[in-house]
Structures are given as structure tokens and as C-alpha cells.
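Protein chains in written order, with my numbering: chain A, 81 to 828; chain B, 22 to 453. C-beta atoms are modelled at their ideal positions from N, C-alpha and C, and glycine is treated no differently. Just so we're clear, the structure is a prediction, and the values are computed from it rather than from any experiment. In what follows, a structure is listed as C-alpha cells, so that the remarks can point back to it.
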Amino acid sequence: MAEMKTAAYICSGCGLGDKLDVPQLAKIAQKEGKMALVREHDFLCNAEGVQMIRDDIEKEAVTHICIAACSRRAKTEAFNFPTVAMTRANLREGVIWVVSEGGDHDEVRQEMADDYVRMGCAELKKAKMPEGNPNHTHLKNLMVVGGGISGMTAAFEAAETGYEVILVEKQAQLGGWADKLWKRVPFKAPYAEPQDTGVAELAAKVSSHPLIKVYLNTTVAETSGAPGRFAIKLAQESGAITEVSAGAIVQATGFTTYDINKLPELGGGLENVVDHAGLEVLAKAANGGAIKRADGREIKSVVFLQCAGQRDDTGRHLPYCSGHCCATSIKQAMYFKDANPEVNTVVVYDDLRVPGMGEDFYRSAQHKGVIFAKGNASKVETAGNGCRVNYRDLILDADSILEADLVVLATGQVPSSGVNVVEWDKLTKEADGGSVEAKQQKSELKNISILNLTYRQGPDVPKLKYGFADSHFICFPYETQRTGIYTAGPVRRPMDILQATEDATGAALKAIQAAENASLGRAAHPRAGDLSYPIVRLEGCTQCKRCTVECPFGAIDEDEKRFPVFNEQRCRRCGTCMGACPVRVISFENYSVDTVGNQIKSIEIPDEFSEKPRILVLACENDAYPALDMAGLSRIVYSAFVRIIPVRCLGSVNTIWITDALNSGYDGVMMMGCKKGDEYQCHFVKGSELAGYRMSKIGDTLTGMGLEPERVSTFEVAITDNAKVAGFINDYVAQLVEMGPSPMKGFN
Amino acid sequence: MTASIATSQTILVVGGGISGMTAALEAAECGKQVILVERNATLGGRTALLYRYFPKMCHPTCGMEINLRRIKANRNVRVMTMTEVLDVKGLRGDYTVKLKLSPRYVNSNCTACGECAKAVDAEIDNPYEYNLAKTRAAYLPHNMAYPMHYVLDPSIIGTQDADKAKAACKYDAIELDMQEEVVEIKAGAIVWATGWKPYDAAKIQPYGYDRFANVITSVEFERLANPHGPTGGKLLRPSDGKEAKNIAFIQCAGSRDENHLRHCSRICCMASLKQTHYVREAYGDSAKSTIYYIDIRVIDRLEDFYLQVQQDPTVGFIKSKVAKIVEDKESNLVLHGVDTEGYHRYATTHDLVVLAVGMEPETNGIKLPDDILLDSSGFIEGSNLPAGIEGIYGAGAASSPLDVNRSVQSATAAALRAIQVVHKTSTVEGVR
Numbered sequence: 081m082a083e084m085k086t087a088a089y090i091c092s093g094c095g096l097g098d099k100l101d102v103p104q105l106a107k108i109a110q111k112e113g114k115m116a117l118v119r120e121h122d123f124l125c126n127a128e129g130v131q132m133i134r135d136d137i138e139k140e141a142v143t144h145i146c147i148a149a150c151s152r153r154a155k156t157e158a159f160n161f162p163t164v165a166m167t168r169a170n171l172r173e174g175v176i177w178v179v180s181e182g183g184d185h186d187e188v189r190q191e192m193a194d195d196y197v198r199m200g201c202a203e204l205k206k207a208k209m210p211e212g213n214p215n216h217t218h219l220k221n222l223m224v225v226g227g228g229i230s231g232m233t234a235a236f237e238a239a240e241t242g243y244e245v246i247l248v249e250k251q252a253q254l255g256g257w258a259d260k261l262w263k264r265v266p267f268k269a270p271y272a273e274p275q276d277t278g279v280a281e282l283a284a285k286v287s288s289h290p291l292i293k294v295y296l297n298t299t300v301a302e303t304s305g306a307p308g309r310f311a312i313k314l315a316q317e318s319g320a321i322t323e324v325s326a327g328a329i330v331q332a333t334g335f336t337t338y339d340i341n342k343l344p345e346l347g348g349g350l351e352n353v354v355d356h357a358g359l360e361v362l363a364k365a366a367n368g369g370a371i372k373r374a375d376g377r378e379i380k381s382v383v384f385l386q387c388a389g390q391r392d393d394t395g396r397h398l399p400y401c402s403g404h405c406c407a408t409s410i411k412q413a414m415y416f417k418d419a420n421p422e423v424n425t426v427v428v429y430d431d432l433r434v435p436g437m438g439e440d441f442y443r444s445a446q447h448k449g450v451i452f453a454k455g456n457a458s459k460v461e462t463a464g465n466g467c468r469v470n471y472r473d474l475i476l477d478a479d480s481i482l483e484a485d486l487v488v489l490a491t492g493q494v495p496s497s498g499v500n501v502v503e504w505d506k507l508t509k510e511a512d513g514g515s516v517e518a519k520q521q522k523s524e525l526k527n528i529s530i531l532n533l534t535y536r537q538g539p540d541v542p543k544l545k546y547g548f549a550d551s552h553f554i555c556f557p558y559e560t561q562r563t564g565i566y567t568a569g570p571v572r573r574p575m576d577i578l579q580a581t582e583d584a585t586g587a588a589l590k591a592i593q594a595a596e597n598a599s600l601g602r603a604a605h606p607r608a609g610d611l612s613y614p615i616v617r618l619e620g621c622t623q624c625k626r627c628t629v630e631c632p633f634g635a636i637d638e639d640e641k642r643f644p645v646f647n648e649q650r651c652r653r654c655g656t657c658m659g660a661c662p663v664r665v666i667s668f669e670n671y672s673v674d675t676v677g678n679q680i681k682s683i684e685i686p687d688e689f690s691e692k693p694r695i696l697v698l699a700c701e702n703d704a705y706p707a708l709d710m711a712g713l714s715r716i717v718y719s720a721f722v723r724i725i726p727v728r729c730l731g732s733v734n735t736i737w738i739t740d741a742l743n744s745g746y747d748g749v750m751m752m753g754c755k756k757g758d759e760y761q762c763h764f765v766k767g768s769e770l771a772g773y774r775m776s777k778i779g780d781t782l783t784g785m786g787l788e789p790e791r792v793s794t795f796e797v798a799i800t801d802n803a804k805v806a807g808f809i810n811d812y813v814a815q816l817v818e819m820g821p822s823p824m825k826g827f828n
Numbered sequence: 022m023t024a025s026i027a028t029s030q031t032i033l034v035v036g037g038g039i040s041g042m043t044a045a046l047e048a049a050e051c052g053k054q055v056i057l058v059e060r061n062a063t064l065g066g067r068t069a070l071l072y073r074y075f076p077k078m079c080h081p082t083c084g085m086e087i088n089l090r091r092i093k094a095n096r097n098v099r100v101m102t103m104t105e106v107l108d109v110k111g112l113r114g115d116y117t118v119k120l121k122l123s124p125r126y127v128n129s130n131c132t133a134c135g136e137c138a139k140a141v142d143a144e145i146d147n148p149y150e151y152n153l154a155k156t157r158a159a160y161l162p163h164n165m166a167y168p169m170h171y172v173l174d175p176s177i178i179g180t181q182d183a184d185k186a187k188a189a190c191k192y193d194a195i196e197l198d199m200q201e202e203v204v205e206i207k208a209g210a211i212v213w214a215t216g217w218k219p220y221d222a223a224k225i226q227p228y229g230y231d232r233f234a235n236v237i238t239s240v241e242f243e244r245l246a247n248p249h250g251p252t253g254g255k256l257l258r259p260s261d262g263k264e265a266k267n268i269a270f271i272q273c274a275g276s277r278d279e280n281h282l283r284h285c286s287r288i289c290c291m292a293s294l295k296q297t298h299y300v301r302e303a304y305g306d307s308a309k310s311t312i313y314y315i316d317i318r319v320i321d322r323l324e325d326f327y328l329q330v331q332q333d334p335t336v337g338f339i340k341s342k343v344a345k346i347v348e349d350k351e352s353n354l355v356l357h358g359v360d361t362e363g364y365h366r367y368a369t370t371h372d373l374v375v376l377a378v379g380m381e382p383e384t385n386g387i388k389l390p391d392d393i394l395l396d397s398s399g400f401i402e403g404s405n406l407p408a409g410i411e412g413i414y415g416a417g418a419a420s421s422p423l424d425v426n427r428s429v430q431s432a433t434a435a436a437l438r439a440i441q442v443v444h445k446t447s448t449v450e451g452v453r
């Protein structure tokens, strides 16, 4: 590797030159920052400025550059030098746009800029250009688990893109739930009639595709490894184990229907009460003719009860809506009407939910004479040769009765998502503590596992609400907590066939992308393309297990001696492990305890008589830092006593930074992260939560240093909080001024 | 702008909202070359103008920050703003696309320092505020704009204001002689992600959107709630600037109506439920929201959001399609109709009415390639060409009335279909 040569470039454009003493900044970069080369420019981001930097990289062999100009979020197209390590000192959004002018302000503003230049240089000296994880493999094929519509679609679409696929189905044939349907809800104009399911055609295409290998009667006995190198043991019905490998995984394990027997009040268990699945059986048997009951009697009247055991607020049944059931009941009512328009079909519903073009399907049913009654059924009982439905008619606001040959309960989808890893984690702790019972429970849980991951954090993909293995993020529906494993179809969220098809196609892309990225040693979303990766100095490790427990993505396993085993391809580069490590042996090439620690230590701390407190701000780079930037863009003024450092996630904050800062005489530390709790907004899952937890533990350390616990404070900052964040800063500075200077000042 | 970089291996994504950004990024992060064209001066589309998302009540700009960082870090995506598609010729694997580039009058030297805006006197209606506010005619669309470059409104070109803006710029960023350009590019596959627009509420005559100042649309209400919006986040009535504390939300404003939009727009129920949170956020218990609805369509696991709002004592629900709105002397609005639960007539007064306007596909009124197949509402249903030879794919709200989450899912799927085309093309050409 080339010898390190540093350079700092100080811009005087955008008013920087008018408001700051740029030659002084240059002097600081040279003398204190020890930059080998320092240049000033009056418009650094223009073609000439950029060319100057390029020339230095080429002709002067500069390997490390510090750009002291605008925010790292600005002018990224201009300051794009992929071959060197780079830091940015934020003098524009971070200083001149946010600090008042005139009087004393000029002095503190200059001090702020001076410090940011010191920090940029200090960070640079510890940073390396990330070169990508060397431990990558090149498997690019996919394993798809589940051979229903979702799984077949994912497999087919991936194969059509040119990727090999292993498709695993536990049943003896492909098709899943959709194969049991007589027809499906229409997905094309004019959205008026039920359509063929297309399952047989898709299954045929999948089975004959040269790039797809189908394993029937097969389950996944074990999955180990990481994206680009998953090693999988497939268990066949015969007991034989086949070992395969894959670059990434799509889990499309679908759903089961809610057990109708749990709904005795709605007639679940009665002879002439069926669920959607039961009606499909009858419709298939009728084959387009008159639909008959199990007892052979032709059905002349049928009542559909929507939301059966769903949207339940009593805690006894499913609390959610399954999304597809209104259209499914409409479709099934049409089965009757299409065979014989004289059949009386009534759908009892609370809210009829047919979004989008489903509205046309609803209209079509009304034209066919299907009756829709807004009401809530309370009881279904046997009456004569059929059933009696007691319900509250919400339009007439009166109790009513319907009699029918058959009642169909629109029950919901229950995801087949395997083991709840939160429960697993609890059992692991108990088992580690010696509980035999917990050990037993763990091995029972393994039986319901789908992927049987060998991950330390449990055998399946973490579930979100109601057991669905979904993403927590609205903008990123495929952001699962296990890198390279994507869920698709109703295991991810209740959904209909149309949505499942789209979902599976998207999941196939994400899996392909994960395998491609792993083969290049790059990170997956949300730090897509990041070439840095966690590097651990195992010789310093004390086997405390904090990193293995706290990693939000289950990337770190443990070996038999309880040392952490990093699976870099599973890592999302949040740095939570780095923040967790008490002995500081984990780092990234361009983000480490040193790159941040060196910045903290580089600034000049005024003495205790100066009345110039110094506050360190560690700001989440995704929300708090942009909010601070946008405060600048809106010229919202805040105190010049803060020194802000963006962090990948508050979870990556190592407490050594806090104690170092306080030891070197900072008066306070503000930590700004995303919202935590159930509706957390952290894209690394629990960064803010962990930071809050860790900070609650350093109170004693602070007291031991003779410091008030208020000198370290955490704040929830959303990206839109640009005015609010300035308020947080100003209030906190006022609070610290009130408190008086840190007693640690002057000890250094 | 040269066309030379694009080849039949390039994927063209039309529309730079959340769907288009997603399709472009997902393809690019699979290693594909992408050109992302956007008609407006910035990426972000309509989601960037929303205050919060349902059901997490988080901010769209958070995801946008991540997506912009992905774009900044990815050399496979080329973004062209102020660019419209004029014409598409050719077939799968070999499209020739004519693009019209409108002048921004500001080049990439722009540092977003803001001096030009200070120099200009003229003001225009701010399209990024749904025209609820004015902005200087030299402006940055919004704080999250990408590219982070100012724009000069064409109305000031040739006036003194334009000269003043140019004089104020120290960086030679303003080019007043910038001209409209038409360029041709090659592309192997196209993702059409042009999104949606709010249905023209004035067409719903009985609701008086065009006559009554205090009847506004749901997208406008998003701007009112936004601390960076025209009212600084205060829920103020347009007529007199008073705080609105008795707000009616009218569902299916245009949707589920064969005289207007025949489809259900899917998002509006959740949007109105979400907006009742804005009312609560602003006033706590001292204001009231009333939702007039036909069916509350909160699909799948969003149900708990509905339950939570139902438990809010300040929110009422009336099952009714509002028949008409009458304005009283104080510019309050009297809603007339029949509550179908029990069939009671009502005439209820509110101080602000928010119409949950339907989603109309933006495809209406744009010249589309011939092989795109639209459904009866104008959403992209697929291709007129037989499967296997099509190469243009709809994504997001251009293909169906979808919320953000489903739009992203749809865009990711469309990206894979586009990749399939360029993969196959390259295999045939022996490039791969």
C-alpha cells in the first residue's frame, strides 16, 4: 500500500472567506493537523478546485484528504474521489450558517471553525480507505423456501434473470394455497369475473426451467453461513439429507388459515359452516356446476360472514385484517351466482375492503345480485336443514336473522413464520443458566423452525407484529433483520395473490442484489455499497458476548471458546458491536474508536474562566445530522459552543468517547438519535435504545469523576426537527452554563 | 448532457418519486446502468411533500435521506431532473427515447448559498406547497432537494430580476441563455413510475372546493401540518387564518364514484386517520375531527391504527357520503347528508373541511408509449405486447393506487423485470 500522504483543502467560497479567517484555518491544518499539503481555494467545488485535488492525488500521491468546506451531505458529486480516504470539515452548514454574527460571535465562530478543521485532520489520520471485505465468496444462486405462488414466482423471476434457484417445498407438489382454489380474484381489466388461478401453468414453467431445481417433500434442516455462502442441509421425507449452498434466500412460507373451530359462536365446527378453504373444495368439486354441500344437497342460499375471528379487539382472535377476504368472499359469492343466479348470496360485513380496482369487482357482484349487508354477526346455529345467522343490521340499527343452507366464515391468514426469536433468546439465557426445562423447550421450538439457522440469535428471521416476518420500515419493505434473507408473500404481511406475486418478484431482486453485493465484499441496505466491514482484534477480546448479543442483524456467532465469530457478509455496518465492546477491539477502516476519539481529543478546550463551555454532540448521520444541516440551510441559529460529530448510529457510540470527552474538559455531551420504542425509527433497529441503556449505566462513572449525571444527555431528533434541534442545543448549553464549568477542566 | 453513455444495457426510469428512486436504486445496486428522469427540479415526488407516514407517524424525509445517500454513492445512476419523455420508439432491448430538458437557468456550479433568491423580487406560487404559499422566483424546491441546486422560474427570464439573480451569484452558476434541449437516448428497458396526482377537487361540485376557502384537500392539509409548511405547522383556516378546531374529513372525495374516479384510491382512509393525529398533535383534547366515510378501508395489519384512532374521544366517525356543503356567514361549512347507520339526517357545522381526494394516475394527460396498456382508470395494467416481448413496466402509483410501502414493493418488482430484459439482451449480444 502506498505511503500515507495527507492534504487539507480549505474553501473560502459561500461566504466562508468573509466570515472566517481562512489563512488561520490553513495554519491550523498544517501545524496542528500536521497535514502534508494544505491548500486554500475560493471555490473548491468548481471544476478548477476539483481538478486541483485530482492533480494532487495523481501527481503528489496524496492518499488522505480533508475537505474543509460544506457539509458531507453537500456537493457529493464534486467531492467524489473514490481512491482516497476523505473527511469533511463542515464549515458552512455547521458554522457560518448557524452562528450569529457580530460582537463576540465572530470570535466563537472562528473557534468553532478552527476546531472543525482540527477534527477533520484528526479523523483523517486514523482513517483508511475501505477496501472491501476480503472474506467474500461468489455464490450467486438463490434458495427459495416455499413452493406456493409466492415461492414459485420468486424462483421463476430469479431464474428468468439468469440466476440458478433451489426451490424447496415441504408438500409433494408445487402450488401451495392457490392450488386449492377453484378460481382467483381478477387482476386485470375489466375486474368483473373470477379468473383461472394459473397455478398449473406456473408450476409447469418452474418445474421445467433449466435454472430451477425443485425439491419436493423437503424441509430445511439447517442453514449456516452468510450471504454469498449459505450452507444448507435439506431434509427429505425419506430421511435423506442433501447438502446444498446458496448466495441468498427468499422465504415464502405462506400462511395457514385461522382455525375455524376457535369460532364456535359463529358456527365453527357445525356441519354446514365452512371457511373460504372449505368452500373452494366444494366449488372445485362442482366444477362450474351447482355447488353442493358435503351432504350432497344443492346450496340455494349462502351467507358469508366477513372478519370472522379477525379485526378482533377482545384479544381472543386475530387483531388484524387479512386484506384479501372481502374480495375472496365476493369471488365465492360469484361462484354461486355464475352457476345459478337464483342462489341467494348475502355478504355480512363491517367495512367492505376492496381497494383499487377491487371496486369494479365489487360493482360486478352487485350487478350479479350479490347482497351486501352491513352488520355484525353474533351467533350462528343449526336451524332446520341449514343455519341461522343472528346479526345486528347496522343500517337498520336492529337485530336481524338470515337463514341459509351454508355459512362461509371469512377467516384470516396466520403466517407460517417459524420460531419467535425473542422467545428463543429468553430460553437461551435460561438454558445457559442451567435450566433443563428451557433446553427442552428450545429443542421443541426447533421442530417448528423454518430455516433452522445456526445463528447465535435464533433459528428464524425475527418477527414483527402478529408474527409476520415483515420489515419495520415503510420506505423499505424488504429490510429484514437477517441480511440476505428476504421474506415474501403472506408470511411477510397478510396479502392476496396479486400482491404476493409483486412481493415475490421484489424479494427475488433483493436476494439477487444481496448475493451480488456479498460477492463484492460490500454492505447491503441501508449502507448499500459500503466497503468497510468490522475488523476485530481477537487477542484483546474478553469473550463478554456483548457484541454477539447486541448485533441487531445476528451477524456475530460464537465459537466453542465463546470468542465472537464475525460473519461480515451478514453485517450491515451499523457499528453496534463497536459501541458495545468494552475493550474496544472492534473497528471499521474508516470508522473506529480512534477516528471519533481522535476528533474528540483534537479540539482546543478553553479554560474554566473563559465562560466558553464545550459540548460534544454525537449525532445520528441519518436523521439528527441532516436536521442540523437543514437548520443551517434555513439559517436557524444555535450555540457556537457545540462540536458535532456524525455517527453511523447511536448504537455505535462507545462509552469511551463520552468519558474521554469529559476527561478532556468538555462540559457536556449530547447524543442525538432516532425515536425508540415500538414505533422505533432507527434503521439499525435499536441504536437509540442501546445508547440510552448504556448511558444509564455510566452514571456511576460520572459520579466517580465528580460530574453531574446531566452532563451526558440523550435526545430524540427526527429529520424534520431542524428548528427543534437548535432549541435542544441552546437549552442544553444554557443548562450547562447554569451548572458551571466542568470540574475536569484544567486537569489536562 | 450527452446521450452517448446510454446503451441497450441501460434501464430508463421515468419519474423521480419514491417509486422511481427505488426502481433506479434497486437496479443500480444490482450493478445495472440506470438513467432516472424527473420532470420537476428535484427528486422526491409527492412523498417528499408529506408531513408524516402512516402508520408509524415517521417522516418521509428520513427514507429520502437514505435513498439520496444511496444515489450519491452509486455511480450507476444518472439523475436528470427537469426532463420529460417526449417519445419512445423501438422494442424491448432497443428503445430510442426522446427527452426534453427544460432549462433550470442554474448549472451545477450552484452551491445552494441562496444569494440569488435574496436578489430577486418576483414571487411565484410555490408548487412544492401546492400553491398555498409564495416563493421567490429563484428558489430551492425544498430542504431535501436533489440536486441541491436553485431554479429560476421561467417567468423572470428576460426581466431585471433575472439579471439581479445572475449578478448576485459569485459562482457563475446562473446561465440565463440556457435553452430547452431535446436529446435522444438508448435504453434496453423502461420503468414507468410517473406516480399520481390528486383528483381535481373542484370537479366535485357539491363540495365547493372552488367556492369555499375553507374546503381544502388532504394533500394541502399535509402542508399545513408540516412545521416547514406555509403556516409553520399550524392548522389555520385559509379564509381568516384562525385555528381550525372542528375539522371534517370527507372520504372518497372523487373515489369510488363512477362520475369521477371509479376506483378506490386505497390510501385515503389511512391518510385521514393519520391526519386526525395531526389535529391531536396540535390541540390535544381541545379540537375535534369527524370522518365521513362509506367503508373504512385500512387493509391488513394497519387495523390497529384504526382501532387506536377510534379510541380517541376527539375523533368521530359518521357512515355517510356527504351530499353537499353550504358555507355560512362566518365561512364555516355546513355538511348535509344522511347517516346511514340508523338513517338520520344531519346538517353539521365544521370550521374546516378536508377532502380526502382520490389518486388519479399521472399517466392521464401524458403521451405514453403505444405498448403500455392502461386500465379503465388510467393506471398501467401491463403491456399490449404479448408476454416475453414487452420491455416497459409500470411501477408504484402509476400502476395502481398504492401507498408508499406497496409502491416501493411494486417498484422493486419492476426493477427486476427491467433487469431481465437487459440481461437477456446482453446474453443475445454476447456481452455478458
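{"Query": "4 or more residues per run - each alpha helix (DSSP H) lying fully within the region 222-299 of chain B", "Result": "239-246"}
{"Query": "3 or more residues per run - each beta strand (DSSP E) lying fully within the region 554-599 of chain A", "Result": "565-567"}
{"Query": "GLY451 of chain B burial status per 10 Å Cβ neighbour count (16 or more: buried)", "Result": "Reliability fails at GLY451 of chain B, whose pLDDT of 48 lies under 50, so the model's placement of it is uncertain and no value is given."}
{"Query": "Given 8 angstroms, three or more beta-carbon pairs between the region 388-400 of chain A and the region 483-495 of chain A", "Result": "yes"}
{"Query": "Residue(s) in a DSSP beta bridge with ASP184 of chain B", "Result": "Answer by DSSP bridge pairing: none, since ASP184 of chain B is not bridged."}
{"Query": "Inter-stretch contact (C-beta, 8 angstroms, three-pair minimum) for the region 556-563 of chain A and the region 210-221 of chain A", "Result": "no"}
{"Query": "Exposure label - GLN272 of chain B; buried when at least 16 CB within 10 Å", "Result": "buried"}
{"Query": "Beta-carbon spacing of LEU589 of chain A, CYS134 of chain B below 9 angstroms", "Result": "no"}
{"Query": "Terminal residues of the alpha helix (DSSP H) in which ARG189 of chain A lies", "Result": "184-206"}
{"Query": "According to DSSP, residues forming a beta bridge with ASP360 of chain B", "Result": "B:HIS365"}
{"Query": "Residue-level contact to chain A via CB, PRO1 of chain B, 9 angstroms cutoff", "Result": "Residue numbering for chain B in the displayed model covers 22 to 453; residue 1 of chain B lies beyond these limits and cannot be assessed."}
{"Query": "ALA771 of chain A to CYS657 of chain A span [Cα, whole Å]", "Result": "12 angstroms"}
{"Query": "Runs of alpha helix (DSSP H) wholly within the region 277-314 of chain A (minimum 4 residues, chain order)", "Result": "279-288"}
{"Query": "Unbroken beta strand (DSSP E) run spanning TYR74 of chain B, endpoints", "Result": "Per DSSP, TYR74 of chain B belongs to no beta strand (DSSP E) and is neither H nor E."}
{"Query": "SER793 of chain A: first and last residue of the uninterrupted alpha helix (DSSP H) it sits in", "Result": "Premise fails: SER793 of chain A lies in the beta strand (DSSP E), 792-796, not in any alpha helix (DSSP H)."}
{"Query": "Per-residue DSSP class, three states only, for LEU328 of chain B", "Result": "helix"}
{"Query": "Cutoff 9 angstroms: PRO148 of chain B Cβ touching any chain A Cβ", "Result": "no"}
{"Query": "Per-residue contacts from ASP316 of chain B into chain A (C-beta, under 7 angstroms)", "Result": "ASP431, LEU432, ARG433"}
{"Query": "Counterpart residues of LYS340 of chain B in DSSP-defined beta bridges", "Result": "B:TYR314"}
{"Query": "Residues of the region 431-451 of chain B with Cβ closer than 9 angstroms to any Cβ of chain A, in chain order", "Result": "SER431, ALA432, THR433, ALA434, ALA435, ALA436, LEU437, ARG438, ILE440, GLN441, HIS444, LYS445, THR448"}
{"Query": "Close-in-space but distant-in-sequence residues of the same chain around GLY305 of chain A (CB under 7 angstroms, 5 per side omitted)", "Result": "ALA311"}
{"Query": "6 angstroms CB neighbourhood of VAL343 of chain B in its chain, flanking five on each side removed", "Result": "ILE271, TYR313, LEU356, GLY358"}
{"Query": "7 angstroms Cβ shell around LYS53 of chain B - same chain, five flanking residues per side excluded", "Result": "ILE32, ASN97, ILE440, VAL443"}
{"Query": "Close-in-space but distant-in-sequence residues of the same chain around ASP360 of chain B (CB under 7 angstroms, 5 per side omitted)", "Result": "ILE339, LYS340, SER341, TYR367"}
{"Query": "Residue environment, PRO539 of chain A, which counts as buried when at least 16 other CB atoms sit within 10 Å", "Result": "buried"}
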